[in-house]
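Residue numbers (my numbering): 1335 to 1646. Worksheet for the structure shown next.
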Amino acid sequence: MSVYSMTGFAAAVSSALDHVSENTEDAEASNASRKTASGAVGAELRSVNSRFLDLSFKLADEFRGLEPALREMLTASFKRGKIEFRLQPQRASDAGWPQPQPDQLHTLARLEGTVQNWLPKAAPLSVNEVLNWCRAAAPSVRLEDAALEAARQCVEALKEARQREGSRLVAVLQDKLKGLKALAEQATPLVPAAVQRQQERFVQKYQEALQAVGGSVTPEAAQERALSEAAAYALRIDVDEELQRLKAHLDEIGRLLKKGGEVGKRLDFLIQELHREANTLGSKAAALELTQISVDMKVLIEQMREQVQNIE
């Protein structure tokens, strides 16, 4: 299963079925002069990041009634992201002036003759008036089906675009995971080494103190106290638990990236946990090397957090 991004753009155009005009008075003449009133619908989908699914529609007036169906289509396909949907008719430049049919012209001539018989001073019809009447009388092309088809095409195209973007994000995140795992492996042996060095320093200081005060404290008691101090110090700087949790979080992130699907919110939570463990590691750092590792970890984790914000 793939990981989906929340960003993407898709556009589609769907043509309406050709409309065939028929003359019931003269079927043969109608078939000979059959014309089409074609139209098309252009659809656009734009998606950017959002914590939740936020839909907005910019529809032409004739498509307002389709909003519930379009909303249902989008909510069934997407779970997160701010999505803007545009839907506009795209009629051909000559579609507004359909070819006048002989029966229409015959009807107009008959009506004009009737009017002029009763009103001799009435002005004759102009070409523009005839064309406007023919356009008004022509059956309109219904574009609802074309609009829904354009929307379906857009949804599929946007899903594919988000999947491609998600695949690129997964590659980036996996590279960051490798870097974090390498840093965790580097940090693991540093704590015992730091404890050993501190223990040696404690023993040395107690020996120097023993020499300063003379024989009032036995060497065995001084060494025991030094080891006790070293043990308490080891507990304070022990980051093994943090490293184990950090490695577990990294493994879970890797599993989610491999599984795919809607993992954005889960990844966001795990990134917060990684940041917490890296902070604790830095606060307990007993060596300069551990401090640097903590800083490098936080840099990689922040880079991952920025990418995870783009995942559905």
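Beta carbons are placed, not taken as given, at the ideal position from N, Cα and C, and that holds for glycine.
Item                                                                                               : Value
Residue ranges of each alpha helix (DSSP H) within the stretch 1381–1467, 4 or longer              : 1401–1411, 1436–1452
Bridge partner(s) assigned by DSSP for V1347                                                       : G1376
Option in L1524, G1594, V1504 with minimal Cα separation from R1639                                : V1504
CB contact flag (A1518, L1624, <8 Å)                                                               : no
Minimum C-alpha distance to H1609 - residue among D1395, L1453, I1635, L1591                       : I1635
Endpoints, the alpha helix (DSSP H) within which N1613 is located                                  : 1598–1617
Same chain, Cβ closer than 6 Å to V1597, five either side skipped, listed in chain order           : L1590
Close Cβ partners of Q1497 (< 6 Å) along its chain, the five nearest in sequence each way excluded : S1336, Y1338
Nearest-angstrom Cα separation, counted from R1385 out to L1404                                    : 21 Å
Pair within 8 Å by beta-carbon distance, F1391 and E1401                                           : yes
S1381 burial status per 10 Å Cβ neighbour count (16 or more: buried)                               : buried
Among Q1637, K1618, I1417, P1434, the one whose alpha carbon lies nearest that of L1511            : Q1637
L1288 versus A1410, V1375, G1376, E1396, residue with shortest Cα-Cα distance                      : The chain is shown from 1335 up to 1646; residue 1288 falls before or after that span and cannot be answered.
Best match in F1397, Q1424, Q1433, G1513 for proximity to N1462 [C-alpha to C-alpha]               : Q1433
Run of the alpha helix (DSSP H) containing R1589, from where it starts to where it stops           : 1574–1593
Residue environment, H1440, which counts as buried when at least 16 other CB atoms sit within 10 Å : exposed
7 Å Cβ shell around Q1450 - same chain, five flanking residues per side excluded                   : A1456
Straight-line Cα distance separating S1460 from C1468                                              : 13 Å
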